[in-house]
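Contents: one structure, followed by commentary.
Number of protein chains: 4
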Amino acid sequence: MQEKATEEQIDAVIEVMEEAGVSVHRTTGAMQTILAGVGPTANIDLTKFEVLPGVLNVLRISSPYKLAGRAFRPGGSIIEFANGVKVGGEQVAVMAGPCSIENREQMFQTAARVKAIGASFLRGGAFKPRSSPYAFQGMGIPGLQMMYEAARAHGLLTVSEVMEISQIEEMLPYVDLFQVGARNMQNFNLLRELGQARKPVLLKRGISATLEELLLSAEYIMAGGNYDVILCERGIRTYETATRNTMDISAIPVIHKLSHLPIAADPSHGTGRRDMVAPMARAAVAAGADAILVEVHPNADKAASDAAQTLYLEQFDELMSQLRLIATAVGRTM
Amino acid sequence: MQEKATEEQIDAVIEVMEEAGVSVHRTTGAMQTILAGVGPTANIDLTKFEVLPGVLNVLRISSPYKLAGRAFRPGGSIIEFANGVKVGGEQVAVMAGPCSIENREQMFQTAARVKAIGASFLRGGAFKPRSSPYAFQGMGIPGLQMMYEAARAHGLLTVSEVMEISQIEEMLPYVDLFQVGARNMQNFNLLRELGQARKPVLLKRGISATLEELLLSAEYIMAGGNYDVILCERGIRTYETATRNTMDISAIPVIHKLSHLPIAADPSHGTGRRDMVAPMARAAVAAGADAILVEVHPNADKAASDAAQTLYLEQFDELMSQLRLIATAVGRTM
Amino acid sequence: MQEKATEEQIDAVIEVMEEAGVSVHRTTGAMQTILAGVGPTANIDLTKFEVLPGVLNVLRISSPYKLAGRAFRPGGSIIEFANGVKVGGEQVAVMAGPCSIENREQMFQTAARVKAIGASFLRGGAFKPRSSPYAFQGMGIPGLQMMYEAARAHGLLTVSEVMEISQIEEMLPYVDLFQVGARNMQNFNLLRELGQARKPVLLKRGISATLEELLLSAEYIMAGGNYDVILCERGIRTYETATRNTMDISAIPVIHKLSHLPIAADPSHGTGRRDMVAPMARAAVAAGADAILVEVHPNADKAASDAAQTLYLEQFDELMSQLRLIATAVGRTM
Amino acid sequence: MQEKATEEQIDAVIEVMEEAGVSVHRTTGAMQTILAGVGPTANIDLTKFEVLPGVLNVLRISSPYKLAGRAFRPGGSIIEFANGVKVGGEQVAVMAGPCSIENREQMFQTAARVKAIGASFLRGGAFKPRSSPYAFQGMGIPGLQMMYEAARAHGLLTVSEVMEISQIEEMLPYVDLFQVGARNMQNFNLLRELGQARKPVLLKRGISATLEELLLSAEYIMAGGNYDVILCERGIRTYETATRNTMDISAIPVIHKLSHLPIAADPSHGTGRRDMVAPMARAAVAAGADAILVEVHPNADKAASDAAQTLYLEQFDELMSQLRLIATAVGRTM
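Dropping the structure here:
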């Protein structure tokens, strides 16, 4: 409460707090009175109190997410896949592949190489939402099927982006991990449906989402009973224009502190430039990332989308050698 | 090109530019060579050139949007509604109503009052996507119907948010203006469908969208043949924490310079606090806004959502008196 | 405290709090314990507590500034100058002039015109810190003397930027209001010296300063006994690139709520473009600004610095007519 | 130029460009005319052109800095110190010590330990500019002398922050590397004087500075003849509140691309939390940093300032073991 708040104002605030379902503890100092509300506060909108007369400041002490919070599973979560691959354990997982699925040959060629180099997931986009209405829009389900066959032929898992509720069902046979893109991080209807799906979800951080918002979106999925969520840092929007986004490497240790969920890093989208992918992938593993997503293409210069941020396969190979050494430094394998 | 770029590198870049379909003009200075590409560049991804050897910098000179650009209609667009109300003309339009539609009485009471005070649109949300999975989610189509009846009973138009493609059809009988929320500004599938709808669209700026991205999203709708788009500034995310968002008032004159489309302002979401709504509404009209959205509620403290930013009806009345004077100062009516 | 915090951890935190000089009030809920520290907390560094074992979150409830806070003078401050001009009262003050002082004729010509149009302060820079080491650096004290004579010849006050402690003494005879630029907002040595000066200070907000930091800088000056501080919004750095800075108009009502100090607005630096100055000046007055700074020049195109954001005198004249109407709408004069 | 620009407008722009001292090359496309200015453009203010009639957009192609640019020394710069220590070469340099110099014992104890653990520089602040006017302000020159003696007793170099021109001379005998703090990155008078000093400078990035601005500040120092500049990333201000600043790890590879100057990283100020220092130090070395600054204190909990971000000496020891492994992964030693 403000220093000059009257007893009437204090009583009025206490009443509104009690109506909202919390029990109120009052601390009266020499200068100021503090009212602490204890109880189920997760769905209370705090600004409701902020505009009451005499109120100085309203602060939330407990986090608004529960299932996604570290306290829920202090030891951390490990997501296990059918073929025994785990994300969140000792081994840092690698997900590699082209931005867009283009054709059968591309996917089989990529699958063979990324498997040999050390990836455990094949990635590829089937639905490409482009910011310009005049660009390539993706191959859809037939593309996913190609990716799935190429992956299975080489013992890989698949990960691909789901953009709409209607796609969940049709993608289900072909993906082992549903990716939710940055633009859909707060598409709550989609998140709720994925909470019903019985497949893990890779949830990318929105381009201007706080880590609290990212965890609240994970909570949406988990509230439906699907606890297999992997978070993913992929760059945030800042004032800096020298890079497309600013990859927030510190999100990795912060998420490990706030949540039990594994956290991946996507240096390809995080930087947008091929020559920045390797340094940022190394930084992510050094900071403790549980998985890395990398865009690679057998013919990177001719990739149908994101060509500039796509690694040549030889670059990916060299990067993996560096990452293995770094993983050792942080007590992991790769 | 970089100062040390070789002739081979320059030739290689020229080749890639020509492949991309532009004609190349070369300027050779004492220090540097500049390559200008002229032609249909809107769908070319510039980073493709940035990573070529010898390239220093790649800049887009013409804007990536055409239909939304000022040059398309230098005199500016006026959106006209069935009852003769216009947005973008001399009169500044006012859209008022509660955040959420709650019940019949609330909507009729609100409609009567906001009409008397000077609004021409009744606003109200039927689908409420909340960032917490545990909160009120809206009344849906029956709510919209109530709003429509209340509006028509008082000669008002209706505006409400559409969140998914499947809602367009069922909302069509009840809304005069489809609102696209900030979180859906880059939901390109939704935008494309709205381009087919024959009803005007109010397109809100995403919380971290640049004005160029806002115009590109408008372009998506317009590319489908629906030119009746009203843009809306509603606050952007910055480092400042004293306000929920930073309302970017300068977006108003900038949009008028870059585009022919009308621009509205939403000071309720832009600030999140009742006591900031009036100053920012005044600022928006003073800066040249073509329309104002204001959250009002006959019983603002008990509003089911956004209570803290909702004006009491008497506050709205007083605000309108101030706005009328300010409109005069900028050669408008209200 | 975290949900799983032990009694030992809680006791350890209480001990550190007591060492820091606050009395501790404990609230024990079903899930969590809250420790409230009451006492002189302004100079306590909160992160000290954040890293203690078992601590979930540390929040400051009372503001870290006292003299600058609204509670110190709930009625608001009015800064009065020798010739009776007031800033913070009913009349909105206008400060106009060129970015740089260039010569005697320029200043006398400008003074005559801005006085006739309605300004009460003549502004002009004598020391020009440029971000490029290769640009014009200002006329220094002889320039200030010219400005002072021109101002007094037309009954105007003067305002000019002080950049170093050593300049305070030599500027003193020629300025009525010391301006502290955005880059020096946290030059605490300079602020402390200005706290000893017996002349008002116009303190500009740093390009990435929060409003709390701005008020803490004002506190620095006030702590020395100089209470005549006028704050100034001049644009903050955001991700948007369509404008040089994003002018945070909402800072005006927020400062009025948090502090008793007057708040000015500088739309010239806030936008960097001549065609944006008028809309943003109007927005600032509509939002409640106590003063407006505008760059004008008798020959704007040839101004030695900031030419692009400098108004022609006719534009300034027209702007003042609009501002007078808007001032009326908010119960002010101009 | 805009699509509808007239020949008169184009000619007027060409004239202004020629007046500014550049030669103009004109490209006339089907839709648009492009004017390229070639010549000494570093000190031309571009907004001057932006506001001319008919101009669509003005872009700078060559960088506004020359001495700091990669092209000036494509092989990269190595800064060599008296005792043979190098920054920018194969070995990653380590600078460690307390935030503030507190007393003789603290400095000798720290020097002995950090030397044993592997540092080559002892750091410590003598002048502490605090954002609150009520906090500890540093020991000044006597403190520096203590640090210098402690460093030399253990074969270490010293680095300390200079805050004002007047301090340069008196600090000179005691520091091997002048540190310019984030708040002074654009204190151009200070930078110019340091350009005259014959000691290396560690230039920290301002909290909201772009990398271009950082390089332009380095240019200020270099323009005076002092080419021994080490840049330093220490966190930027973003919308995220979970960390004090967002450490921009991508600045490291970007600086290596744009400039020949070495780049250091300061994870202590970059994160503000002890538990985040190690992950971010590892990330910085993995991304290619040339030096690391770490705050350590023999009694970290009782440090006079920045206690929360100061490592215990055992933590520093463990961190160095990890960093040595990571350095190997990127072909460096440590």
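Protein chains in written order, with the working numbering: chain A, 1 to 334; chain B, 1001 to 1334; chain C, 2001 to 2334; chain D, 3001 to 3334.
For every residue, glycine included, the Cβ atom is placed at its ideal position computed from N, Cα and C.
Note that this is a predicted model, so its numbers are computed, not measured.
- The continuous alpha helix (DSSP H) containing K2048 of chain C extends over residues T2047 to E2050.
- When rounded, the separation of the alpha-carbon atoms in V162 of chain A and S208 of chain A is 20 Å.
- In the three-state reduction of the DSSP assignment, L293 of chain A falls in the strand class.
- If the five residues before and after R234 of chain A are omitted, its C-beta is found closer than 7 Å to the C-beta atoms of A182, K204, R205, D266, H269 and G270, all from its own chain and listed in chain order.
- Residue environment for N2187 of chain C: buried (at least 16 other C-beta atoms within 10 angstroms of its C-beta).
- Note that the C-beta distance between V1296 of chain B and F1316 of chain B is below 7 Å.
- With contact defined as three or more Cβ pairs closer than 8 Å, the stretch 3291–3305 of chain D and the stretch 3095–3113 of chain D are in contact.
- Secondary structure of E90 of chain A (DSSP, three-state): coil.
- Judged by DSSP secondary structure, T27 of chain A falls within the beta strand (DSSP E) whose first and last residues are S23 to T28.
- A96 of chain A sits in a strand when the DSSP states are folded into three classes.
- Bounds of any beta strand (DSSP E) do not take in A3111 of chain D; it lies within the alpha helix (DSSP H) bounded by R3104 to I3117.
- Counting the other Cβ atoms within 10 Å of the Cβ of G125 of chain A gives 16 or more, which makes it buried.
- Near chain A, meaning a CB-to-CB distance below 7 Å, the residues of the stretch 2060–2081 of chain C are I2061, S2062 and A2071.
- Flagged as an interface residue toward chain B: Q186 of chain A, by a C-beta distance shorter than 7 Å.
- The beta carbon of V254 of chain A sits closer than 7 Å to some beta carbon of chain D.
- By the Cβ test, the stretch 1063–1074 of chain B is not in contact with the stretch 1111–1119 of chain B, since fewer than three Cβ pairs between them sit closer than 8 Å.
- Residue contact check for L3216 of chain D against chain A: no CB pair falls below 7 Å.
- Between T2243 of chain C and T6 of chain A, the alpha-carbon positions lie close to 45 Å from each other.
- Residues of chain C with a Cβ closer than 9 Å to the Cβ of A329 of chain A do not exist, since the nearest Cβ in that chain sits about 24 Å away.
- In this structure, the alpha-carbon of V38 of chain A lies about 9 Å from that of I2034 of chain C.
- In the three-state reduction of the DSSP assignment, S268 of chain A falls in the helix class, which pools H, G and I.
- Rounded to the nearest whole angstrom, the C-alpha separation of T1027 of chain B and L1059 of chain B is 15 Å.
- Taking C-alpha positions only, M334 of chain A is separated from G118 of chain A by approximately 8 Å.
- Sorting D:A3264, D:V3085, D:L3194 and D:K3128 by C-alpha distance to the C-alpha of G3224 of chain D places D:L3194 at the top.
- Residues I2101, G2124, M2146, M2147 and A2150 of the same chain have their beta carbon placed closer than 7 Å to that of M2107 of chain C, with the five preceding and five following residues left out of the count.
- Annotation for L1177 of chain B: the continuous beta strand (DSSP E) segment containing it runs L1177 to V1180.
- When C:V2330, C:T2047, C:Y2220 and C:I2263 are compared, the shortest CA-CA separation from V2094 of chain C is found for C:I2263.
- Secondary structure remark: continuous beta strand (DSSP E) runs of at least 3 residues inside the stretch 2226–2273 of chain C, in chain order: 2229–2233 and 2263–2265.
- In this structure Q179 of chain A is buried. Its beta-carbon is surrounded by 16 or more other beta-carbon atoms within 10 angstroms.
- Closest option to V1294 of chain B, judged by alpha-carbon separation, among B:A1287, B:A1278, B:G1288 and B:L1067: B:A1278.
- At a cut-off of 7 Å between C-beta atoms, G3272 of chain D does not count as an interface residue with respect to chain A.
- V3092 of chain D places its beta carbon less than 7 Å from that of R3332 of chain D.
- In the structure shown, the three-state DSSP call for R123 of chain A is strand.
- Annotated three-state conformation of T3310 of chain D is coil, per DSSP.
- I1061 of chain B has its alpha-carbon roughly 36 Å from the corresponding atom of M2320 of chain C.
- Using a Cβ-Cβ cut-off of 7 Å, V1051 of chain B counts as an interface residue toward chain A, since at least one Cβ of chain A sits closer than that to its own.
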